[in-house]
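So the sequence lines, in the order shown, correspond to chains A and B. Per the UniProt record's numbering: the first sequence = residues 1 to 449. Per the UniProt record's numbering: the second sequence = residues 1 to 501. Comments concern the structure below.
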Amino acid sequence: MRDGSADGGRAGDAPAGKATVDLDRLASALTGQDPAGELTRPGPGDAVDGVPALAVARPASVAGVSAVLAEATSQGLATVARGAGTALDWAAPPERADLILDVTGLGRLVEHGAGDLVAVAEAGLPVVELLETVGRVGQELVADLPPRRLGGGATVGGALATGVSGPRRLQRGALRDLVLGATVVLADGTVASSGGKVVKNVAGYDLAKLMTGSYGTLGVIVRAAFRLHPVRPARRWVVATGPLPDVAGRAREVVASQLAPAAVEIDRPAWSREAGVAVLLEGQEAAVVPRAREAAALTGGEIRTVPPAWWGVLPDDDGAGAVPSAGADRTVLAKATATLTGVGGLLAAARAAEDTRGAGVAVRGSAAGVLYVAIGGRDPAAVAGVVRELRAVAPSPRDGTVTVLRAPRDVREAVDAWGPVGGLDLMRAVKRRLDPGRNLAPGRFVGGI
Amino acid sequence: MPGRTSDQAPAAPAAGAALAAVTAGLTAVLGGDRVVTDHARRRTYECDGLAAYRVVPGVVVLARDAADVAATVRACAAHGVPFVARGSGTGLSGGALPHSEGVLVVMSQMRDIREIDADAQRAVVDPGVINLQLTAATSPDGHYFAPDPSSQSVCSIGGNVAENSGGAHCLKYGFTTNHVTGLDLVTPAGEQVEIGGKAPDPPGYDLLGALVGSEGTLGVVTSATVRLTRLPQEVRTLLAAFRTIDDAGAATSAIIAAGVIPAAIEMMDALSIEAAEEAVHCGYPDGAGAVLVVELDGHSADVAGEFDDVVRLCEASGAFEVRVAADDAERALIWKGRKSAFAAVGRISPDYIVQDGVIPRTALPQVLRRITELGDAAGVRVANVFHAGDGNLHPLVLFDGSQDGAVERAEGVAGGILDLCLEHGGSITGEHGVGADKAKHMPRMFTADDLAVMQAVRCAFDPETLANPGKIFPTPRLCGERPGRRQGEHPLSEAGVAEVF
């Protein structure tokens, strides 16, 4: 990019006044370290949840990320990292997004140690490409991204920044349990790694976990190492439907059984008095078949070789897994956690809230107690009411929490998006130490971090 | 191994006064029986499982509850006195090594299992609860606590949290960090904070991820909420004997490549087999250059099929004998040889160092050969007992401390093994922790910037660096510094104005 300061075209509502950007210096900082890096003016799509940017940097190397971040921070700019942007409207919108740091230029699979079941990838690598490569030797990253995000090119860095988890977290854990190490670039350009690329490692702090789910507010993830798993040769799904308490009870019975299910998912469509449960069994064919029979006996379900259409799909999606439903921009997406015994209460509360608030509440997710909730309706007060009623299910935040991931601006203003957060002062202290100038995605995270 | 004395500088008079003030204050609040000042009693705590380092703590506090811990830490914070938390003291890296001018907070009296919520598959425990006691308490409900360090019959769960302990079964089930859903913490400022609970994924930064494995440098855990794992329907264990380590390594790789994730794959070499035989007469096959202990667990249908695969793959890789445990007694005998190996080497060598390093599994044959070469070159024998499935080596470097230069030669080999691990992209510790012992090795694994960022996180929790100082970080800096590129020594240290813990 050649000349002048961009006018950006957004209201100067930043706390420190309207940011100005010296694009020449940004560009030369970037390309001085990273000749393949690019700095461009923002296009129509270059906004973060409605907050427009002044410039977009697309480095092609870690050195480029470091150089452009150091320069942006020295100019006092707020930088928001972006992968494929499939969840860019999750978490709170940033106070400012002067610079969008597009990491898709770092798209290499650095290493695939097939014999060690480990993959090291740059942040911009689409997860689907990682899966394709490791899948050729019968391996997988058991992260189970929602199909729409996976199909939309969701990147390794984005998956980490948003702390993805899917159906198979029941047995294999969430992405935070599969990340072995990460390299991040701090706001001042410092490049730092923690962890490593071996499964067992307790040297130093596990900063990769701290970065996972931090929505780019502590550093920009540029590279990460993951534990892979062998693809199990056979799979069966056992699918049942029934009245809400029944389904929750059956799901818990399967979790508590010795069937070692890979996943137990629950689906309660909006306004429904019924819910579905689907159990995934993985293993050798000869073993999966009898286990599926046992699971069918336990749940009263039927055995299938393919998942139900809603499997792993977020409830604000239309179910096809490719296209957002009409009016999806008005749908609120939240994440609700519960204990194994609390899931039933959550389903019941969703049903009850529909009657009292007049908004549809679809719930879908793992019987392990991590579920996603889509709240329909256009009335911010109604949505806030639903969120309150769902929160009230858990006797305390120790037993369950509800956080709003995605919502229109007026709803965000009406609702406490994060709810109570234990250890918030410590989180603020971590943010102050790693990003003292609040240059990374200011305002996006808990407590206005 | 001969003892090493503390390299901590003699305390300044001010430090002594501060400790005296803390001691007086705590004695008034907690009572004299909880605050141990008697030198002989304090000496009881001078080391943890790594007896090579010994420091007599300045004062010992026997905590009964979180309030005691908070009062102690608050007093330390008020007077700038360092504190170290200690559970059962079984750590092998000097992580609970006391501070001569600080407070040792002994957690072993906080040992109540507060709640077992079997339906929710959670337990809430005091930090001093013994690992195996939790499993014993939850087994009647059909559950167990999966992280199982070798010391599980004596180690505390608080210590497991501090060190992110693993064990033979973490190949399949993960480490402590994968099994903690909530922690109550006393911060280094003395505040009590609740993070997470029984539900997964508490909102905000993953403080649990940062705290587990932080070796007591971010505060003191006063309660842990942990995941309970369903007992498997079936467990099957086999012992496979090979002529060479390479064959056993090939079998390990073949098993993993076949898509089987055993509950455990453990390997012992000829020297450790010899030691185990001498100690516990476990009856391992004659002439074995290496044995594998492979355990499968899960649903019976899975275990049966996978077991056949494992036997076939072992035989194809050169196993000349495969023994299958027919019952619990035979399984116990197979494990007895493995689990007694560390202690058993004491029978064939007067002294030994237990090293703890990690390599990618595929590098096993190559690295084990190099370890033998390193030992041969130094005239030192090395026995290998390790978690083959995840590449976590525990070379036992044998020596006789009464011989001139033997200690140095053994330490040279032990250090060389860590370098080998790093050359192959591994880690300097897989489960024992960095502690006081390996802090000096951290710069070989991490850059100055890597360590500065870790230190910045530490400073967020502990700006005065009072929590377990001297552990993990080789040359920690004052917390007033900004994270980022490091330029020379800290000005205060350089000017001789301040010494940093």
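For each residue, glycine too, the CB sits at the ideal point set by N, CA and C.
Taking C-beta atoms under 8 angstroms as the contact rule, H299(B) and A287(A) qualify, at a distance of about 7 angstroms. Chain A places a beta carbon closer than 9 angstroms to that of G166(B), counting this residue as a contact. Per the DSSP secondary-structure output, W237(A) pairs in a beta bridge with L280(A), R304(A). For G435(B), there are no neighbours in chain A by C-beta distance under 9 angstroms, as the nearest C-beta there is about 10 angstroms away. Taking C-beta separations shorter than 6 angstroms and ignoring five residues to either side along the sequence, the partners of L132(B) in its chain run Q152, S153, following chain order. At least 9 angstroms separates the beta-carbon of V179(A) from that of D116(A).
When the Cα atoms are used, P202(B) and V421(A) turn out to be separated by approximately 8 angstroms.
Taking CB atoms only, A394(A) has a neighbour in chain B less than 9 angstroms away. Between L396(B) and G249(B), the gap from beta carbon to beta carbon reaches 9 angstroms or more. In terms of Cα proximity to R236(A), the closest of P243(A), R223(A), V264(A) is V264(A).
In the same chain as A362(A), and ignoring 5 residues on each side of it, the C-beta atoms closer than 6 angstroms to its own belong to P269, A270, P315, A374, in chain order. Taking E413(A) as the centre and dropping the five residues before and after it, the same chain places the C-beta of P380 closer than 8 angstroms to its C-beta, in chain order.
The beta-carbon of A240(B) is placed no less than 9 angstroms from the nearest beta-carbon of chain A. With fewer than 16 neighbouring CB atoms inside 10 Å of its own CB, Q403(B) falls in the exposed class.
Taking a cut-off of 8 angstroms on C-beta distances, the region 332 to 342 of chain A does not touch the region 84 to 91 of chain B, as fewer than three cross pairs fall below it.
A straight line joining the alpha-carbon of D49(A) with that of R409(A) spans about 9 angstroms. Contact note: I256(B) reaches chain A through G115, D116, L117, P230, using a C-beta cutoff of 9 angstroms and chain order. Every beta strand (DSSP E) of 3 residues or more that sits fully in the region 332 to 397 of chain A is shown, in chain order, as 332 to 337, 361 to 366, 370 to 375. Boundaries of the beta strand (DSSP E) around P395(B): 395 to 399. Using a Cβ-Cβ cut-off of 9 angstroms, I428(B) counts as an interface residue toward chain A, since at least one Cβ of chain A sits closer than that to its own.
Distances from the CA of A118(B) to each of G142(B), I245(B), K336(B) were compared; the closest alpha carbon is that of G142(B).
In chain order, L117, V118, A119, V134, Q139, E140, L141 place their CB closer than 7 angstroms to the CB of L228(A), counting only its own chain and leaving out the 5 sequence neighbours on each side. Within the region 389 to 421 of chain A, contact with chain B at the beta-carbon level (separation under 8 angstroms) is assigned to A394, S396, P397, R398, D399, G400, T401, T403, W418, G419, V421. Under the criterion of beta carbons closer than 8 angstroms, V280(B) and S349(B) do not qualify as touching, at roughly 17 angstroms. Of the residues assessed, D302(B) falls on the buried side of the cut-off, its CB having 16 or more other CB atoms within 10 angstroms. With respect to L54(A), V80(A) sits apart: the two C-beta atoms are not nearer than 9 angstroms.
Within chain A, the residues whose beta carbon sits less than 9 angstroms from that of F446(B) are A192, S193, S194, A203, G204, listed in sequence order. Exposed is the label assigned to E408(B), since fewer than 16 other Cβ atoms lie within 10 Å of its Cβ. DSSP assignment within the region 156 to 244 of chain B yields the following whole alpha helix (DSSP H) runs of 4 residues or more, N-terminal first: 157 to 163, 170 to 173, 207 to 211. By the neighbour-count criterion, in which 16 or more other beta carbons inside 10 Å mark a residue as buried, E282(A) falls on the buried side.
When beta bridges are read from the DSSP output, P230(A) appears opposite Q139(A).
For a Cβ distance threshold of 8 angstroms, residue set D117, D119, A120 of chain B lies close to T341(A), ordered along the chain. Under the three-state reduction of DSSP, E71(A) is assigned to helix. Those residues of the region 456 to 470 of chain B placed with their C-beta closer than 9 angstroms to a C-beta in chain A are A456, V457, R458, C459, A460, F461, P463, ordered along the chain. Taking C-beta atoms as the reference points, P261(A) and L347(A) fail to come closer than 9 angstroms. Nearest Cα to G102(B) within the set A66(B), V73(B), V59(B): V59(B).
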